[in-house]
Amino acid sequence: MIDEPSTKPYLIRAIYEWCADAGYTPYLAVQVDEYTQVPMGYVKDGQIVLNIGGDAVKNLQLGNEDISCNGRFGGVAHQLMIPVAAVIGIFAKETGQGLVFQAGESAPLSSTEPPDEPPSPPASSGRPQLKVVK
Numbered sequence: 182m183i184d185e186p187s188t189k190p191y192l193i194r195a196i197y198e199w200c201a202d203a204g205y206t207p208y209l210a211v212q213v214d215e216y217t218q219v220p221m222g223y224v225k226d227g228q229i230v231l232n233i234g235g236d237a238v239k240n241l242q243l244g245n246e247d248i249s250c251n252g253r254f255g256g257v258a259h260q261l262m263i264p265v266a267a268v269i270g271i272f273a274k275e276t277g278q279g280l281v282f283q284a285g286e287s288a289p290l291s292s293t294e295p296p297d298e299p300p301s302p303p304a305s306s307g308r309p310q311l312k313v314v315k
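Heads up, the sequence shown is in this note's numbering, so the first residue is 182 and it goes up one at a time.
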């Protein structure tokens, strides 16, 4: 049986393109884990919200397994690597419109072996919340 590809990376790219076409700033909400490469000093409550607009990052790659780019935080350049599974939302800064995804566990990008047992569903603390970052 062939695994069907996830729709999540396609939806992320679609909202990113919609933001670009409308002149909005695309923001990516990420659940940070051990496979997420972001400046940890900017992580709050295990999450980070990133401006992934063309003016904010360079070399943006919205792949099916991961999202990578170069960004500056406090004037210091950083290489960012975000597993698609760690993305919990993408939205327009100006309107808040976008998509929210259920948080899931990401895996190392180099792993090709299936997990021994399916991961348990994340504990739900109600409806996912996004904050407007100015």
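From the three backbone atoms N, C-alpha and C, an ideal C-beta is built for every residue, glycine too.
Option in the options with minimal Cα separation from residue i
{"i": "serine 187", "options": "Gly252, Ala258 and Glu246", "result": "Glu246"}
{"i": "glutamine 278", "options": "Asn251, Tyr191, Glu185 and Ala195", "result": "Ala195"}
{"i": "proline 220", "options": "Asp184, Met262, Tyr191 and Gln283", "result": "Met262"}
{"i": "tyrosine 208", "options": "Gln283, Lys239 and Val230", "result": "Val230"}
{"i": "phenylalanine 254", "options": "Asn232, Asp226 and Ile271", "result": "Asn232"}
{"i": "glycine 204", "options": "Val281, Gln283, Lys274 and Phe282", "result": "Lys274"}
{"i": "glutamine 283", "options": "Lys189, Asp236 and Ser249", "result": "Lys189"}
{"i": "alanine 237", "options": "Asp226, Lys225 and Ala258", "result": "Ala258"}
{"i": "isoleucine 150", "options": "Ile193, Lys225 and Asp226", "result": "Since the first residue of the chain shown is 182 and the last is 315, residue 150 is not available in this structure."}
{"i": "leucine 280", "options": "Leu241, Asp226, Cys250 and Trp199", "result": "Trp199"}
Contact check, residue i vs residue j, beta carbons under 9 Å
{"i": "alanine 267", "j": "tyrosine 223", "result": "no"}
{"i": "glycine 244", "j": "valine 213", "result": "no"}
{"i": "threonine 206", "j": "glycine 234", "result": "yes"}
{"i": "lysine 239", "j": "glycine 252", "result": "yes"}
Cβ separation of residue i and residue j, assumed to be a contact under 8 Å, to the nearest whole Å
{"i": "alanine 201", "j": "isoleucine 269", "result": "The Cβ separation is near 21 Å, so there is no contact."}
{"i": "glutamine 260", "j": "glutamine 228", "result": "With a Cβ gap of about 20 Å, glutamine 260 and glutamine 228 do not count as contacting."}
{"i": "isoleucine 271", "j": "tyrosine 197", "result": "7 Å"}
According to DSSP, residues forming a beta bridge with residue i
{"i": "proline 220", "result": "Proline 220 is not bridged to any residue."}
{"i": "serine 249", "result": "Gln242 and Met262"}
{"i": "phenylalanine 254", "result": "Val257"}
Residue i at chain C interface by Cβ criterion, 9 Å
{"i": "asparagine 245", "result": "Looking for chain C here will not work: only one protein chain is present."}
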